[in-house]
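Sequence order for the protein chains is A and B. Last residue of the first sequence: 180 (the working numbering), numbering continuous. Last residue of the second sequence: 141 (the working numbering), numbering continuous. We put the beta carbon where it would ideally sit given N, CA and C, even for glycine. Have a look at the structure below, then the notes.
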Amino acid sequence: MLIIAVLALGNQVQAQKYITKNGKIHFYSDAPTEKIEAFNNQVNSALDISNGDFIFRVLMKSFQFEKALMQEHFNENYVESHKFPNATFMGKVTNLNEIDFSTPGTYQAQIEGELSIHGVTQKISEQGTFEVKDGKIHGKSTFYVAVADYDIKIPQAVITNISEKIEINVDILLEALNK
Amino acid sequence: MAVLAVIGIAAVSYVYVFVYNKAHPDYAQLEPKISLTAENCFTTFRTNESEANERFVGKMIQLSGNLNQIEHAEDQTIFYFILSEGMFGNEGVRVSMIRDEQLSNITAGQNITLKGFCTGYNQTDVILEHGSVIQ
């Protein structure tokens, strides 16, 4: 169903689309007894500047942790990446009229949509910035995700090792899709 | 009592070093579990994703094929086997390569055999991490 929806979205946004396949997502958990972070440098994202459609697709197994054990626990126990291999965001830039993608500069962006992680979809509304420069769009955003909202269960034994809210940092350099 | 203390310290040290702090695999030294063409791998994900997940994801796999594109993005080098076209432009198999001097000898357009750790299919591309050239 998601694939059909994404493909349908794709058909709507051929004209002025900017994409990346090397987007970066970094997440950070700052809990009382441990700090945990992970990086993913192969994030797909597309933005249609004509209507504000904005999507992300992230392979959970591509997150790299400093400690191998944490990476194992993340994939096998928490996000169950064998069952739910992708996280996706499908939404819109809602203040498109305040952003001039034809003029270099840094613009505040309001983004709303549905974030799906671990098979659970939640509506989110977040702030970010778009820097327009050299024909590219550099998008950045930092926001927080509560693990409980996505039915991610943390065992009682490690409850103090993992923050209830995870900081998510998104950094994408979008380039025009020439088709 | 002293013996128990020594055993306790040894046990905690073992857990800390070999469990909690165990190292990531040395991906360059991992033997591939499966060998196939990049096209075959991509087609399997497109036609039967659950079978492909079972066969390839979380495993070191060996791929061969014509390397269409080499991308440099900050500190990473991506080898790209382009096999189709879709909403994100090109589609195929993307391999994030381990930094290696040998990479500078590889050019787009040549036939290549490499290995990489498969992390899945993002509905556009099959993604391999920790790639290294075999020949």
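Where do the N-terminal and C-terminal ends of the beta strand (DSSP E) with residue i fall, by residue?
| i | result |
| --- | --- |
| residue 142 of chain B | Residue 142 of chain B is absent from the model: chain B starts at 7 and stops at 141. |
| residue 172 of chain A | 166-177 |
| residue 47 of chain A | 36-49 |
| residue 90 of chain B | 82-92 |
| residue 136 of chain B | 131-139 |
| residue 31 of chain A | 18-31 |
| residue 91 of chain A | 87-94 |
| residue 131 of chain A | 121-134 |
| residue 145 of chain A | 137-147 |
Which first and last residues belong to the alpha helix (DSSP H) in which residue i is found?
| i | result |
| --- | --- |
| residue 71 of chain A | 69-74 |
So for residue i, helix, strand or coil by DSSP?
| i | result |
| --- | --- |
| residue 64 of chain A | coil |
| residue 107 of chain A | strand |
| residue 52 of chain B | helix |
| residue 13 of chain B | helix |
| residue 117 of chain B | strand |
| residue 158 of chain A | helix |
| residue 75 of chain B | strand |
| residue 42 of chain B | strand |
| residue 7 of chain A | Unreliable positioning characterises residue 7 of chain A in this predicted model, as indicated by a pLDDT of 48, which lies under 50. A coordinate reading is not provided. |
| residue 110 of chain B | helix |
| residue 29 of chain B | coil |
| residue 116 of chain A | strand |
| residue 97 of chain B | strand |
| residue 14 of chain A | Here residue 14 of chain A scores only 40 on pLDDT, less than 50, and its place in the model is too uncertain to base an answer on. |
| residue 69 of chain B | strand |
| residue 152 of chain A | coil |
How would you label residue i, buried or exposed, when you count the other beta carbons within 10 angstroms and need 16 or more for buried?
| i | result |
| --- | --- |
| residue 99 of chain A | exposed |
| residue 117 of chain B | exposed |
| residue 12 of chain B | exposed |
| residue 67 of chain A | exposed |
| residue 91 of chain B | exposed |
| residue 31 of chain B | exposed |
| residue 137 of chain B | buried |
| residue 78 of chain B | exposed |
| residue 158 of chain A | exposed |
| residue 41 of chain B | exposed |
| residue 112 of chain A | buried |
| residue 36 of chain A | exposed |
Is residue i near the ligand FAD, judged by its Cβ being under 7 Å from some heavy atom?
| i | result |
| --- | --- |
| residue 38 of chain B | As for the ligand FAD, it is missing from this structure, which has no ligand bound. |
Would you check if there are 3 or more beta carbon pairs closer than 8 Å linking the stretch 133-146 of chain A to the stretch 161-177 of chain A?
yes
Selection of the stretch 33-52 of chain A by Cβ proximity to chain B, strictly under 7 Å
Answer set for the stretch 33-52 of chain A: 42, 43, 45 and 47.
Flag this pair as touching only if the stretch 64-83 of chain B and the stretch 100-118 of chain B have three or more C-beta atom pairs under 8 Å; answer yes or no.
yes
For the stretch 43-65 of chain B, list every residue whose C-beta sits within 8 Å of some C-beta in chain A, in sequence order.
59, 63 and 64
Which residues of the stretch 99-128 of chain B have a Cβ closer than 7 Å to any Cβ of chain A? Give them in chain order.
100, 102, 125, 126 and 128
Count Cβ pairs between the stretch 94-108 of chain A and the stretch 55-73 of chain B that sit closer than 8 Å; are there 3 or more?
no
Taking Cβ-Cβ distances below 7 Å as the criterion, which residues of the stretch 49-77 of chain A are in contact with chain B?
Taking 7 Å as the Cβ-Cβ cut-off against chain B, the residues of the stretch 49-77 of chain A that qualify are 58, 60, 62, 63, 68, 69 and 70.
Evaluate contact between the stretch 125-139 of chain A and the stretch 57-73 of chain A, counting only Cβ atoms and requiring at least three cross-stretch pairs below 8 Å.
no
Closer than 7 Å, Cβ to Cβ, to anything on chain B: give me those residues from the stretch 16-33 of chain A, in chain order.
20, 22 and 23
Members of the stretch 87-100 of chain A near chain B, C-beta cut-off 8 Å
87
Taking any Cβ of chain B, which residues in the stretch 166-179 of chain A have a Cβ under 7 Å from it, in chain order?
178
Three or more beta-carbon pairs under 8 Å between the stretch 144-157 of chain A and the stretch 116-126 of chain A, yes or no?
yes
Inter-stretch contact at 8 Å, needing at least 3 Cβ pairs: the stretch 75-89 of chain A / the stretch 30-48 of chain B:
no
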